[in-house]
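Student:
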């Protein structure tokens, strides 16, 4: 009987934590909109871009914008960080670039095993996502640096 009591308490605690975190997550979503992601969604949902070519063009545009944002955030961080921290960021970015390139080769090899045009925009989306994630991560670091300014 004691085990059941413990499980009920654990479940209640987990539920309370989940509910407490929900408003914070909703606030984060409403205050930090991703303009590139929103533009990508609009582009992908436009009937004029329903073709494979249209979808991949949308992804390429978003990928280029995320790359621009990533580079801007990286440059901002290098300008704000102390020398040692900036050097660690440089090493991290170089390692991420090597990972990105290796991941692209693995992703390309995976998609080469698939047949059908539906895989082309899927592959483009995966590529965009990798750059998006790094851009948003570096922009998050820029926001951290701005806290004490």
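In the working numbering, the protein residues as written are 48 to 196.
Each residue gets a CB set at the ideal place from its N, CA and C atoms; glycine is no exception.
#1: Which term fits residue 160, buried or exposed, when burial requires 16 or more other beta carbons within 10 angstroms of its beta carbon?
#2: Is residue 167 closer than 7 Å to residue 123 when the C-beta atoms are compared?
#3: Identify, in the order they occur along the chain, each residue of the same chain with its Cβ nearer than 7 Å to the Cβ of residue 110, setting aside the five sequence neighbours on each side.
#4: At what residues does the alpha helix (DSSP H) containing residue 93 begin and finish?
#5: Determine whether the beta carbon atoms of residue 182 and residue 113 lie at a separation below 7 Å.
#6: Quick check: what's the CA-CA separation for residue 162 versus residue 95?
#7: Assuming residue 136 contacts residue 128 (C-beta within less than 8 Å), just tell me the rounded distance between them.
#8: Note down the Cα distance separating residue 92 from residue 131, rounded to an integer number of angstroms.
Tutor: Taking the geometry as given:
#1: It counts as exposed.
#2: Going by beta carbons, residue 123 and residue 167 fall outside the 7 Å limit.
#3: In chain order, 174, 175 and 178 place their CB closer than 7 Å to the CB of residue 110, counting only its own chain and leaving out the 5 sequence neighbours on each side.
#4: In this chain, residue 93 is not harboured by any alpha helix (DSSP H), its DSSP state being neither H nor E.
#5: Going by C-beta atoms, residue 182 is nearer than 7 Å to residue 113.
#6: Going from the Cα of residue 162 to the Cα of residue 95 covers about 24 Å.
#7: With 8 Å as the limit, residue 136 and residue 128 qualify as a contact, their Cβ atoms being about 6 Å apart.
#8: Taking the straight line joining both Cα atoms gives about 45 Å.
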